[in-house]
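S.K.: Residue numbers (full-length UniProt numbering), protein chains in the order written: chain A, 1 to 205; chain B, 1 to 205.
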DNA sequence: GCCTGAAAATGAACATTGTTCAAGAAGAAT
DNA sequence: ATTCTTCTTGAACAATGTTCATTTTCAGGC
């Protein structure tokens, strides 16, 4: 046997199907919500047996977590793509990017934040770390805007600011408990950030 | 038969059990999380049949929603109890009160915000309204602090501010994705509010 | 106290859905 | 072609929400 990983026909098919399973599951979550996701629906859509889902992901949570993992990655990618030339504009861009992502992928984001593990099984460390990373995106621009502040304070501030944005958006987008009208959300978010920055001593432009 | 509601023995027992069912369900949610709540566990703990749970609440969601309804009421009571003599102190008190409630009843609050209806059944209007009410508690003190602002703006601002606090707390309390260390949360929240108020032109004390 | 009709309680049976695993199919190695 | 490993399958099982025919309870009238 070759030491080098060979791309056997079997492996290719297996990977292919793994990707398909994830894609189908994602679409089902995105369109009908996490609660409506059923193993049998996924298996049928992919035209494979129920057992194969288990072979691939261990259990149903495994599939959900895989989708959630990719959701954080997509979110991070979107946040990272925000131009960083101007720190002030970057902060607004980050809030906008999050709002955009939350609008387009409401159910996927909900799945990420609302999914609970069975029993008391621990939440996967890697997803934790990825979410933490995503919530730290405001750190860099804030460091540039507040060069004289204590680094620890800025680190905390950046996560709080993004958590605040998250709270405003996630509640604002719940059609059910509209804390803020959607159409105004964007401008209001920008205003909110400006106000907070002003409180930090950064002049409005 | 009397027109006046008579308190028959039957009615008393029924009400008694209804209260017990709710209490048990609440404790189970509070200690083991919404996902671990099972009809059979509740029925067994109350020593009644499964069917009685259905007679009382229609379906399982009905029981959960009843618990959630009482959770909003408890939250609102706690927020309303915050002294309102000094608007600035009141704002801090409201954030503290929410933090306290979220700390003591983490799972109940999660149940309120994370529970999704089966299929596409609509979320009960009354709970929506109650949550909206709870999220408007910052309105009164902000009106006093910003007497010259547009009333509509203040209404939006108050909901955004509370949503922000909600976001910071709910993420901060997730042991799993600690955006902000719990012990610092309290002081940091106060600081966050002060900064935002400063941005609104209200001098720090 | 007994009878009777309405209301409630019961829990076995059913429906849905996550999970397991023995048997078989498919492919790789020789 | 044969063997050996690995993967796939889906029937069976387990857990859990839901229903409903039957039984029990009990208020009201006699």
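Glycine is no exception: its CB is placed at the ideal position from the N, C-alpha and C atoms. Nothing here was measured: the structure is a model prediction, and the numbers come from that model.
Can we say the region 106-115 of chain A touches the region 17-25 of chain B, given the rule of at least three CB pairs closer than 8 Å?
M.R.: Because the criterion of three Cβ pairs below 8 Å is not met, the region 106-115 of chain A and the region 17-25 of chain B do not touch.
S.K.: Between 182/B, 167/B and 12/B, which has its C-alpha nearest residue 103/B's C-alpha?
M.R.: For the purposes of this step, residue 103/B is identified with residue 103 of the second chain, where counting begins at 1. The shortest C-alpha separation from residue 103/B is found at 182/B.
S.K.: Have a look at 200/A, 44/A and 71/A and flag the residue whose alpha-carbon is nearest the alpha-carbon of residue 145/A.
M.R.: As a working mapping, residue 145/A is identified with position 145 in the first chain. Selected option, being the one with the closest Cα: 200/A.
S.K.: Straight-line CA distance for residue 115/B to residue 66/B?
M.R.: As a working note, residue 115/B is residue 115 in the second chain. As a working note, residue 66/B is residue 66 in the second chain. Between residue 115/B and residue 66/B, the C-alpha separation is close to 12 Å.
S.K.: Can you give the Cα-Cα distance for residue 119/B and residue 69/B, rounded to whole angstroms?
M.R.: Counting from one through the second chain, the residue named residue 119/B turns up at place 119. Counting from one through the second chain, the residue named residue 69/B turns up at place 69. Roughly 20 Å separates the two Cα atoms.
S.K.: Rounded to the nearest angstrom, how far is the Cβ of residue 50/B from that of residue 111/B, given a contact under 8 Å?
M.R.: The count along the second chain starts at 1 and reaches residue 50/B at position 50. The count along the second chain starts at 1 and reaches residue 111/B at position 111. Rounded, the Cβ-Cβ distance is 21 Å, inconsistent with contact.
S.K.: Kindly indicate which three-state DSSP category residue 191/B falls into: helix, strand or coil?
M.R.: For the purposes of this step, residue 191/B is taken as residue 191 along the second chain, with counting starting at 1. The answer is helix: DSSP assigns residue 191/B an H, G or I state.
S.K.: Which residue from 132/B, 11/B and 42/B puts its Cα closest to that of residue 20/B?
M.R.: On the second chain, residue 20/B is found 20 positions in, with the first residue counted as 1. Answer by Cα proximity: 42/B.
S.K.: Taking the alpha-carbon positions, what's the residue 57/A to residue 38/A distance?
M.R.: Here residue 57/A refers to the residue found at position 57 of the first chain. Here residue 38/A refers to the residue found at position 38 of the first chain. Each residue's Cα considered, the two are about 14 Å apart.
S.K.: Which of the three DSSP states is assigned to residue 202/A in this structure?
M.R.: Within the first chain, numbered from 1, the residue matching residue 202/A stands at position 202. Correct three-state label for residue 202/A: coil.
S.K.: Straight-line CA distance for residue 135/B to residue 158/B?
M.R.: By 1-based counting over the second chain, the position of residue 135/B is 135. By 1-based counting over the second chain, the position of residue 158/B is 158. Cα to Cα, residue 135/B sits roughly 8 Å from residue 158/B.
S.K.: Check the Cβ of residue 101/B against every Cβ in chain A and list those closer than 7 Å, keeping chain order.
M.R.: Here residue 101/B refers to the residue found at position 101 when the second chain is read from its first residue. Result: empty, since nearest Cβ-Cβ is about 15 Å, beyond 7 Å.
S.K.: Return no unless some Cβ of chain A is closer than 8 Å to the Cβ of residue 172/B.
M.R.: Taking the first residue of the second chain as 1, we reach residue 172/B at position 172. It does; some Cβ of chain A falls within 8 Å.
S.K.: Count the other CB atoms, across all protein chains shown, that sit within 10 Å of the CB of residue 1/A; report buried if there are 16 or more and exposed otherwise.
M.R.: Reading the first chain from its first residue, position 1 is the one you call residue 1/A. Residue confidence for residue 1/A is low, a pLDDT of 39 falling below 50, so the modelled location carries little weight and cannot support an answer.
S.K.: Residues of chain A with CB under 9 Å from residue 211/B, in chain order?
M.R.: Limits of chain B in this structure are 1 at one end and 205 at the other, which puts residue 211/B out of reach.
S.K.: Is residue 138/A helix, strand or coil when you go by DSSP?
M.R.: Counted from its first residue, the first chain places residue 138/A at position 138. In the structure shown, residue 138/A sits in coil (DSSP, three-state: anything other than H, G, I, E or B).
S.K.: So what's residue 14/B in DSSP terms, helix, strand or just coil?
M.R.: Position 14 of the second chain, counting from 1, holds the residue named residue 14/B. In the structure shown, residue 14/B sits in a helix (DSSP, three-state: H, G or I).
S.K.: Are the C-beta atoms of residue 109/A and some chain B residue less than 8 Å apart?
M.R.: The count along the first chain starts at 1 and reaches residue 109/A at position 109. It does not: the Cβ of residue 109/A has no partner Cβ on chain B nearer than 8 Å.
S.K.: Taking all protein chains shown into account, do 16 or more other C-beta atoms lie within 10 angstroms of the C-beta of residue 90/A, making it buried, or fewer, making it exposed?
M.R.: For the purposes of this step, residue 90/A is taken as the residue at position 90 of the first chain. Its Cβ being crowded by 16 or more others within 10 Å, residue 90/A is buried.
S.K.: Kindly indicate if chain A contains any beta-carbon less than 8 Å away from that of residue 60/B.
M.R.: Locating residue 60/B in the second chain gives position 60, counting from the first residue. No, no contact with chain A.
S.K.: Rounding to the nearest angstrom, what Cα-Cα distance links residue 84/B and residue 180/B in this structure?
M.R.: On the second chain, residue 84/B is found 84 positions in, with the first residue counted as 1. On the second chain, residue 180/B is found 180 positions in, with the first residue counted as 1. Between residue 84/B and residue 180/B, the C-alpha separation is close to 28 Å.
S.K.: Whole alpha helix (DSSP H) runs in the region 14-58 of chain A with 4 or more residues, listed along the chain?
M.R.: Here the runs fully enclosed are 39-46 and 50-57.
S.K.: Who are the near neighbours of residue 173/B in its chain, counting only those whose CB is closer than 8 Å to its CB and skipping five residues on each side?
M.R.: Numbered from 1 along the second chain, position 173 holds the residue referred to as residue 173/B. If we look at residue 173/B and ignore the five residues flanking it on each side, its Cβ neighbours are 102, 103, 106, 182 and 185.
S.K.: Would you kindly work out how many angstroms separate the C-alpha atoms of residue 10/A and residue 17/A, rounded to a whole number?
M.R.: Your numbering for residue 10/A matches position 10 in the first chain. Your numbering for residue 17/A matches position 17 in the first chain. The straight-line gap from Cα to Cα measures roughly 11 Å.
S.K.: When every heavy atom of the ligand ATP is checked, does at least one fall within less than 7 Å of the C-beta of residue 58/B?
M.R.: As presented, the structure is devoid of all ligands, the ligand ATP included, so that no description of it is given.
S.K.: Leaving out the 5 sequence neighbours to the left and right, which residues in its chain are closer than 8 Å to residue 31/A when beta-carbon positions are compared?
M.R.: Position 31 of the first chain, counted from the start, is the residue given in the question as residue 31/A. 107, listed in sequence order.
S.K.: Can you tell me whether residue 81/A is buried or exposed, with buried defined as 16 or more other CB within 10 angstroms of its CB?
M.R.: As a position in the first chain, residue 81/A is number 81, starting the count at 1. Exposed, because fewer than 16 other Cβ atoms sit within 10 Å of the Cβ of residue 81/A.
S.K.: Less than 8 Å between the CB atoms is what I'm expecting for residue 87/A and residue 141/A, so what's the real figure, rounded?
M.R.: Within the first chain, the letter at position 87 stands for residue 87/A. Within the first chain, the letter at position 141 stands for residue 141/A. Going by Cβ atoms, the distance from residue 87/A to residue 141/A rounds to 4 Å, so yes, they are a contact pair.
S.K.: Out of 151/A, 33/A, 72/A and 163/A, state which residue places its alpha-carbon closest to the alpha-carbon of residue 129/A.
M.R.: Taking the first chain and counting its residues from 1, one reaches residue 129/A at position 129. Considering only alpha carbons, the answer is 72/A.
S.K.: Taking 8 Å as the CB-CB limit, is residue 84/A close to chain B?
M.R.: Taking the first residue of the first chain as position 1, residue 84/A is located at position 84. So no, residue 84/A is outside the interface.
S.K.: Is the shortest distance between the beta-carbon of residue 114/B and the beta-carbons of chain A less than 8 Å?
M.R.: Working through the second chain from its first residue, we reach residue 114/B at position 114. At least one chain A Cβ lies under 8 Å of residue 114/B.
S.K.: Beta-carbon separation of residue 156/B and residue 188/A under 8 Å?
M.R.: Your numbering for residue 156/B matches position 156 in the second chain. Your numbering for residue 188/A matches position 188 in the first chain. Yes. Within cutoff.
S.K.: Residue 168/B versus chain A: which residues are under 8 Å apart at the beta carbon?
M.R.: Taking the first residue of the second chain as 1, we reach residue 168/B at position 168. Under the 8 Å cutoff, chain A gives 160, 163, 164 and 167.
S.K.: Measuring alpha carbon to alpha carbon, tell me which residue in 45/B, 193/B, 53/B and 190/B is nearest residue 15/B.
M.R.: Residue numbering aside, residue 15/B sits at position 15 when the second chain is read from its first letter. When only C-alpha atoms are compared, the closest one is 53/B.
S.K.: Give the interface partners of residue 196/A over in chain B, defined as CB-CB distance under 7 Å, in chain order.
M.R.: As a position in the first chain, residue 196/A is number 196, starting the count at 1. 195, 196 and 199, listed in chain order.
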